[in-house]
Structure formats: C-alpha cells, structure tokens
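Chemist:
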Amino acid sequence: MTNLDAPLYPPAKAYDPPRRLPRILSSRETPIAILQSNPAAWAIVNKQIPGMDRRIGNEMIKPHLGNFSLESLLVFGVVQREPLARIDAELARLGEVM
Amino acid sequence: MSFEFDTNRRQALMVAGAGAVFPMVGAAAAKPPVLSQRASWPLRDIPFDDGWKFHRGGGDGFEQAGLDDSTWRVVDLPHDWGVEDVLGGAEPAQIGPFDKTAVGKGATGFTVGGEGWYRKRFSVAGYAPDARIELTFDGIYLESDVFLNGHPVSSNVNGYIPFAIDLTPYLDRKGDNVVAVRVRNEGRNTRWYAGSGIYRQVTLDVLPSLCRIARWGVAAWTRRFADGRAEVDLTTSLEGEAAGYEIITRLIDAEGRTAAQGRVAAGSEVRQTLTLQGPRLWSPDHPNLYRLETELRRGDKVVDRLEQPFGVRIVTFDPARGMAINGEVIKLRGGCVHHDNGLLGACAFRDADERRIRLLKQRGFNAIRSSHNPASRSLRETCDRLGMLMIEEAFDAWHEHKEPQDFSVHFREHWEEVIRGMVLPARNSASVIMWSIGNEIPFRASDEGVEWEWKLANAVKTLDPTRPVTAGLNGVLGQEMIAGADTARPGFAGKVDNASTMFLDVPGYNYRLDDIEREHSSHPERVVYGSETFAREVFDYAALMDRAPYFLGEFLWTAMDYIGEAGIGATAFLKNGSLPYYFAAWPWVNAWCGDLDLIGCQKASSLARDVAWGLAPVTMTVQRPAPDGTFPWTANWGWPDELASWNWDDHKDKPLKVRVYTAGDKVQVILNGQVVGEKALAAGDKMTAELPVPYAAGTLEAVAWKNGKVIGRTHLETVGEAVSLRVSAEPPSQRRGRDALAYLKIEVVDAKGRVLPDDMRPVTLALEGSGELAAFGSANPQAVGSLKASHTTTFRGKALAILRGRGKGALRITAHSPGLRAANARVAFE
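Chains A and B are the protein sequences, given in the same order. Just so you know, we're using the working numbering here: the first sequence kicks off at 94 and counts up by one. Just so you know, we're using the working numbering here: the second sequence kicks off at 988 and counts up by one.
#1: Among the residues of its own chain, which have a CB less than 8 Å from the CB of residue 1154/B, if the five just before and after it don't count?
#2: Whose C-beta lies closer than 7 Å to the C-beta of residue 1659/B among residues of the same chain, with five residues either side of it excluded?
#3: Which bits of chain B does residue 124/A rub up against, with CB to CB less than 8 Å?
#4: Going by DSSP in three states, residue 1570/B sits in which element: helix, strand or coil?
#5: Give a yes or no on whether the C-beta atoms belonging to residue 1180/B and residue 1113/B are separated by under 8 Å.
#6: Kindly indicate which residue of 1783/B, 1604/B, 1713/B has the alpha-carbon position closest to the one of residue 1586/B.
#7: So, do the segment 1426-1443 of chain B and the segment 1176-1192 of chain B have three or more beta carbon pairs nearer to each other than 8 Å?
#8: Quick check on residue 1638/B: does DSSP put it in helix, strand or coil?
#9: Nearest-angstrom Cα distance between residue 1059/B and residue 1724/B?
#10: Going along chain A, which residues have a C-beta under 8 Å from residue 1381/B?
#11: Considering only heavy atoms of the ligand MN, does any lie closer than 7 Å to the CB of residue 1150/B?
#12: From the beta carbon of residue 1819/B, is the nearest beta carbon of chain A less than 8 Å away?
#13: Applying the criterion that 16 or more other CB atoms from any shown protein chain within 10 Å of the CB defines a buried residue, is residue 1537/B buried or exposed?
#14: For residue 1489/B and chain D, any beta-carbon pair shorter than 8 Å?
#15: When you compare only the Cα positions, how much space is there between residue 1050/B and residue 1057/B?
#16: When you compare each of 1488/B, 1457/B, 1459/B, 1458/B to residue 1470/B by their alpha carbons, which one comes out closest?
#17: Comparing the C-beta of residue 1109/B with each C-beta of chain A, is any distance below 8 Å?
#18: Closer than 8 Å is the cut-off here; do at least three beta carbon pairs connect the segment 1417-1425 of chain B with the segment 1293-1308 of chain B?
#19: Just how far apart, CA to CA, sit residue 1053/B and residue 1101/B?
#20: From residue 1606/B to residue 1062/B, what distance separates their C-alpha atoms?
#21: With a threshold of 8 Å between beta carbons, is residue 94/A in contact with chain B?
#22: Using beta carbons (cut-off 8 Å, strictly below), is residue 1268/B in contact with chain A?
#23: I need the DSSP call for residue 1016/B, collapsed to helix, strand or coil.
#24: Evaluate residue 1798/B with the Cβ neighbour count: other Cβ atoms within 10 Å of its Cβ, from every protein chain shown; 16 or more gives buried, anything less gives exposed.
#25: Please confirm if residue 188/A has its CB atom under 8 Å from at least one CB of chain B.
#26: Which of the residues in the segment 94-121 of chain A, read from start to end, lie with their CB under 7 Å from any CB of chain B?
#27: Nearest by alpha-carbon distance to residue 1424/B: which of 1398/B, 1434/B, 1416/B is it?
#28: Could you work out which residues of chain A lie near residue 1733/B, taking near to mean beta carbons separated by less than 9 Å?
#29: With C-beta atoms as the reference, is residue 1733/B less than 8 Å away from residue 1714/B?
#30: Which residues of chain B have a Cβ atom closer than 7 Å to the Cβ of residue 130/A, listed in chain order?
#31: With DSSP as the reference, please indicate the residues paired to residue 1205/B in a beta bridge.
#32: For a quick check, are the C-beta atoms of residue 1739/B and residue 1765/B less than 8 Å apart?
#33: Would you list the one or two residues that DSSP bridges to residue 1042/B?
#34: Take the Cβ of residue 144/A as the centre, count every other Cβ of all protein chains shown within 10 Å, and call the residue buried at 16 or more, exposed below.
#35: Can you check whether the CB of residue 101/A is closer than 8 Å to the CB of residue 1453/B?
#36: In chain order, what residues of the same chain have a beta carbon less than 6 Å from the beta carbon of residue 1762/B, not counting five sequence neighbours either side?
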C-alpha cells in the first residue's frame, strides 16, 4: 500500500456570473440555438441548408438545440457535411460575436 | 418516559419479538420472520415490504383508516404495476402490459401509468410508547402522497429519491395503524421505462425519542494511506439533545473483528478519525468491505445504532495517469444502465440487481452509470459488495424540459431534495466514484444553465467534497468563459473554460469520440471519459483507452437492454432505393441497444466487446442476410443484425457475411474442414475481419493467429431440428422468504442438446409447489405477450422464467411446447 492522500473537491464561495468571451460562430462549435438567435447567422444556415427549421422541428431534437451544433447533427443524418464549410466561411465574415 | 434500549442482546431480541411490525392482512400476517428481515438490533431497517393491499386506479377515501380494502389485491413489495397486463386490454392494440395508445409511446415502451393505491395495516404495540417511528421509502414512481390513519404525512414528486417520514404524530400506539400511499404516474414524464408504484424497498425504523443518529447522518471517507495504515475520517450528525451521550464508531472486518474503534462525547455534529492498521482495501477486483457501526450511548446503554457497509479506498484523477484506485490505474469499462430489471420491470429486487451486476462483471464491465437518476439502495449495495464502480446521477433535465411533464416541472422547487436524496444515502458507498449532476441537459450553456451547473455542483460538494462532480455532455461544450476566484473550482480562477465544463471536475462526453483527442491539445488539464458511447465504436474506445491516459474509459449505451426508448438500437431491412431511415414504432417496446439482451444473454455486440476488452481471443458472428430487394439498416445505437449461428438453410450456397473479431493479425475461416477464407488484419481493421462464405450446413470454424501463432479458435455448428425443451436453474438465491428469486432459463434444443439460435415457438409453464411466477418472457424487443402469464414465445431459442419464493418450500416447474419433449426443474426456497 503506497502512501497516498485522498483528493478533495471543496465547494466554491459564491456565484458571480462568469465572463463570456467573444467567438466566431461556426458549424462545429456553436449551438444551433445561438445561430437561431442571430438573424444574420440563421439566414446563412437557411440559405445553405434549405428547410432547416423543419429538419430540427421534431420533439426529439428541439430540447437539444442549445447543445447541438450543426456538426452534431451529422450522426443523425439531419444535415450533410457538404454545406458546412460554406456556412463556416460566411459565418466567419460576421466577425466575433458575444 | 424516555425510550432507550439496553445493550443486552437477549433483551433486545425479546423487545423485537414482542414488537415486530406485524402486517395485519391476509396470510402474510402469519408468516414467520425470515433471516433477511432483521427484527433484532439495530431496530432500524426493519423490512416493511410484505402484506400491502393494492388497488389500480383512483377513488375517494382510500386514505381513510376504516376503508374496507378486503377486495384489494395483496402485494409484497417491490411492486410495479407497469409490467402487469393492461386492464381490459385486447389484442392487437394491447398486448400484455403494452398499449399502442399509451401516452408515453415508445419512450415508455408503450406501457401504461395512471394511478394506484397501496395500504398496509400494522401495529407498533410492542415498542416503547415514546419511540419515534419512521418509514423510509427507497423510491416510488412517480408522484406520491402518504397518509397515516387518514392524515397526510408526506408528498414526493421525484420518482427516484428515498424519503423518510416520521409517523409518530398520528400513530396509534396500541391499535392498528393504516399507512396509505397514493401513486400517480401521469403524462409524458420520462424518456424511458420508469415503472409505476412502490418499486423499491420500504423499511421501518424504531428510534429513540430524545436523541438519535440523524438519517443518513454518518459520513465516512478514507483520507490517507500512510505507512501501512489507513485513516478514515467520520462525521456523525445527531438529532435531539446530545448532552450526556457519547458516540462509539467501529469498523468491523469480514471476520467480525473490530479493526478500529473511536469513542467521543456526542454533539450535534461530531468528527472522528479511525486508523486501520494493514487495511483490506476495496477495489473492483477485491471488494473488501468493513461494517461501519455507529453507536449512540448514554452510560452503558446503547440508545441507537446504525450499521452500513464501508470500503476503504482512495480514488484519484489526474490527466497524467487518469483514474487510480488505491494508487493503481484502472480504466473504466463501463455501461450505462436504466433502473429496470428486465421482465420484472422497475422492481428493485436484491436478487435481480445482483444477477444484473454479476452478468455485467462476467462480460468485463467494471463500472455502471445509473442513468439518469439516483440508483436504488439495493443496486448500490450490490455494487459495493460485488465490486462494480458506479456513477450516481441526479437529473435528466434541469430548468428546461425534454418531455412536457418531466422533472423540469418541479426542478426549481425541488432540486435540493434530489441532490440530498442522491448524495446522503450513497456517500459512504465505496462503489460510487463520481456524482453526476445531469445528463444531456437542455440549454445548459445558457446564462441560467451555467448558474444551475454551479449551484448543483456546489450543493453536491457541500454534502460530499470527497468525490468529483461530473455530467454527461452531448453536442458541444458551449462558449468559452472565465470565472472569478470565488466562483471557480480551485485552481481554475481566471482560466478559460467552456460553459458546460467549467464547474465539472471530470466532464463526461456523450458520443464525442472525435472531439476527445482534439480537445486535449487546448485543454490538457482535463480528465474526461465517454459517459455514453455507441456500441459500434467499441474498438475505437478500446484503442483510445490504451493510448490516452487522460481518457478514463467509456460507458456504453447500454450495457443491457431495457424497456422503453423502443427500438433505438433497431435493425431493419429496407426496400432497395428507399431512404436509409426506419422509425421503430409499435410494437417495438424495448430499446434493443444493450450488449446483453433483456434476459441477460449476449448479443453480437457483446461478442465483439469480449475481444475488444480481452475476454476472448476470437469470436464470430454471421450477419442475417437481407431478403431479396432489401438492404440492411441499423440504428445509431444498434449493431448489425448478427447472430452466433450457422443455421441458414434458406440461403444454401449463397455467400453470407461472416464477421470474425480478434486481437490477432490473421484469421482463417474453415467450413467443414475446408479453408474458405483468410484475412490479415491491420490496425485500421479495428479487430474485425469480414469474409463472404457460401452457406453449407456443418461446422464453421475461425482460427486467429498473432505473430504466426494460433491464439484462439471458435466455431459455429448447424443445429438440428428442435427436439425438446431444456430448463436450467441459475445458482440459487442466498435470500429467504419473499426476497428470494430463482431464475430459470428455458431453451429449445436439438437431439444433441444444442440451442436453436433463432427459434421462436410457444412455451407454457406448469408450476407445482410453494412459490410463484414473478415474470416469464423472452428478450424479444417487440411486444409479443404478457410478462406475468405462464405462457410466452421463445426468442432466439430462449425464454426466462423468474420465480419468487414464499418461504421454505420447493417448486417444480415444467415447460411444455407442442411437439417437443417437456422439461422440468425443481427450485428450493428458504
């Protein structure tokens, strides 16, 4: 038996809202709900993937739009990879957003 | 007059004998106590499961003590009406417990909730007149209201947490008492089969009135190993006026010897440290347990005593080594499990939990994730005893819903109850290695979600700072953020993190295989694991475990099939030219995504995992050939429709896809003595060789080589016509009375005793003797019949009967099927 101290995970003192860092929107990292909340970004998505609202309109997917990016949907076959690069190029032109 | 017990064991037994809680209903009242139902010291945990009355449906006045419940059914807990046949059901829309119109649809496996009432009469006349009497429900699904003698005494809205009720204020000390429980499971409140009713244990505690050990009031953890000793820190909380009392704490080893003892004057909260010389450490391979005894004394009289299992172990996490238990690195070979016990529904029988954990250990699993709710005490204690690591999980949703009536409806008002209900009862369990505050939480990265993450993580740490907090994260991790010194985890103030991970000590990733190594370059400080994984990625995760120390391991979704989330692992044949999409609708009722099926048999993915995890050098399956004009389709959580079968008479001379899984670098396939295929394997093949083999009846053998040496062989045989049934009993239960279950496998076999691998035929059971049929069915993921009737249809040549004891006696079970020789077995119960 080797000498060993058990780790502890103490609670923090108080909640102060963390500071959000600006970001470039992307198909890989940005939750779909964030894209939806940005009219310019969502217009880009709809231009490249027609009928996007319908594709993500079912009850199974809706709760996860705050967690899923466009790329997250690839595994479910909801979107294809092919338009994502074009979407990323256009999103990048929007610059950093909060 | 105060109420105190003497330490004299004989007197204690007399008290218990006079005061045992007697059910006053039916035949159960005359039953002798059984060994599993302790009625002597301590007077805690007195089983309260037997002799309840049950009525399915609502009604007025059901809580009143004087209600005539003589027409109600007698049930012994645990009980789940969700697996009982639909009332008045008629095929084809209702099949057994499954109803095509069920509000939960495929999520609940088309099972039906509704309302049910339970009542139980009991007397406490033999106990001290001022004893405090508490009732503990380990879990009721879903919403419950408890009444004592007509008075409301408790309500609970979470279906998975234990809760205790002080019955004292409305107790009749001399006469009969009636506890009544209304249970409602209504609306779309769950994404999986949850069951309905009092599906976990109920126990009664007889406690001293003046001062007692608080419920779940003892916290113990192994703080240090030093020079061959282990230091165990304890905190004991008391209720009542503690002056004049003292606390004695002991660790008793497996041989009953006191390994360490401490004595201290009592207070509302008392801290102690026990030192164990040469401790027997707990680990998955060596689940050594001590009995932790906490005794409250006044003078030489024991006033209260609590006993619980305790394992001495230290679990550490760091990115350089990953997870280590007692200093030894161990990878998580985990499986997610829902709480149901297959054909028994949600019922938390100890024997059923034990069987499930044993089956998983046999297949190499060393960890389970109790998804997505706190586990039953029974399952958790089984994990402690058998050496299965465990992640306890609190929520499937926080402030935003997944289903319209899920726990999000109550979350803001009741989240603290759930955190307490998860942490306090389980914090001394050696098996529990992490606390999960949620699974795939909707909108967790929003401002509100981030604040909830902080609140929940810190609420857990306030109750138990000895384990890391985790969560199952799907999708992306959210915006980068920076937390200040008061808010951040220690060492993380001012550092860039993500919204979803910043308050988690060990992030769990659901289906994020491709992200894990990519992220490590930007966050080398993270220690992560796959909290949910697809079966098809088994070889990828096995390789990742080997090469990435910061990656702790995986939790397969799921280790075993479960009712509900119907068909998420479905396979189907689709017409050529159609879109590759299939919706597994009615009559799909089980998820069909487990490595083990609903009755515990290995499926094809498990055979592959045997190789990935080193349990077997080579395994072999054959993919079911697609009918002409179709192509095979497999759902994301599924596995191709493969069988360990060489019975394909409808496909004579047609090439079949034979898959050989092996850790070797070459495989050879031999059909009836002739080599019909050979393949070298490279790293990119992921331990899988696929070879086309024209079908001919006989023996198909696979031989695996590595570095020029044979490392293993396996074979499949063409099985003959069905000749008889075979009934084989699994090892007998170690329990007695109504706690004892017996599992009997019923198989369709040929003249040589080989199981027909894809056979479906009716089987009827005849039972004679003492005991009852608790469940009977197969692993068929589609609704085919009752789970309570004495007849079923085999699936893949097998069915499973589960018998429940009624005390000492024997039960003879005979299985019949038209045209086959019957088979029987005898089961003895204690």
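Glycine included, C-beta positions come from ideal geometry on N, C-alpha and C.
Modeler: Looking at the atomic coordinates:
#1: Here the set comprises 1120, 1121, 1122, 1135, 1140, 1164, 1166.
#2: Excluding positions up to five away in sequence, the list reads 1683, 1685, 1686.
#3: Per Cβ cutoff of 8 Å: 1432, 1462, 1463, 1465.
#4: It is coil, neither helix nor strand.
#5: Taking 8 Å as the Cβ cut-off, residue 1180/B and residue 1113/B do not qualify as a contacting pair.
#6: Closest by alpha carbon: 1783/B.
#7: Output reads no: the segment 1176-1192 of chain B does not touch the segment 1426-1443 of chain B.
#8: Here DSSP, grouped into helix, strand and coil, assigns residue 1638/B to helix.
#9: Residue 1059/B and residue 1724/B have their C-alpha atoms roughly 22 Å apart.
#10: Correct list: empty, because the minimum Cβ distance to chain A is about 16 Å.
#11: The ligand MN is not part of this structure, which contains no ligands at all.
#12: This structure gives no information on residue 1819/B, because the portion of chain B shown stretches from 988 to 1817.
#13: Under this definition residue 1537/B is a buried residue.
#14: Checking the listed chains, one finds no chain D in this structure; the protein chains it contains are A and B.
#15: About 14 Å.
#16: It is 1488/B.
#17: With a threshold of 8 Å between beta carbons, residue 1109/B makes no contact with chain A.
#18: Contact between the segment 1417-1425 of chain B and the segment 1293-1308 of chain B is present, with at least three C-beta pairs closer than 8 Å.
#19: For residue 1053/B and residue 1101/B, the distance between alpha carbons rounds to 25 Å.
#20: Going from the Cα of residue 1606/B to the Cα of residue 1062/B covers about 45 Å.
#21: Closer than 8 Å to some Cβ of chain B, the Cβ of residue 94/A qualifies, so yes.
#22: At a cut-off of 8 Å between beta-carbon atoms, residue 1268/B makes contact with chain A.
#23: Its pLDDT being 34, under 50, residue 1016/B is placed unreliably in this model, and the coordinates cannot settle the point.
#24: Taking all protein chains in view, the Cβ of residue 1798/B is crowded by 16 or more other Cβ atoms within 10 Å, so the residue is classified as buried.
#25: False, the Cβ-Cβ gap to chain B never drops below 8 Å.
#26: With the criterion set as a beta carbon lying under 7 Å from some beta carbon of chain B, the members of the segment 94-121 of chain A are 94, 95, 96, 97, 98, 99, 100, 101, 102, 103, 104, 105, 106, 107, 108, 109, 110, 111, 112, 113, 114, 116, in sequence order.
#27: It is 1398/B whose Cα lies nearest to the Cα of residue 1424/B.
#28: Taking a Cβ-Cβ threshold of 9 Å, none of the residues of chain A is close to residue 1733/B; the smallest such distance is about 37 Å.
#29: Yes, the Cβ-Cβ distance between residue 1733/B and residue 1714/B is below 8 Å.
#30: Near residue 130/A there are no residues of chain B at all, since even the closest Cβ is about 10 Å away, more than 7 Å.
#31: For residue 1205/B, which the question treats as bridged, DSSP gives the partners 1223/B.
#32: Contact: no.
#33: 1104/B, per the DSSP bridge assignment.
#34: Exposed, since its Cβ has fewer than 16 Cβ neighbours within 10 Å.
#35: Inclusion of residue 1453/B and residue 101/A in the CB contact set at 8 Å is warranted, their separation being smaller than that value.
#36: The answer, listed in chain order, is 1330, 1331, 1774, 1789.
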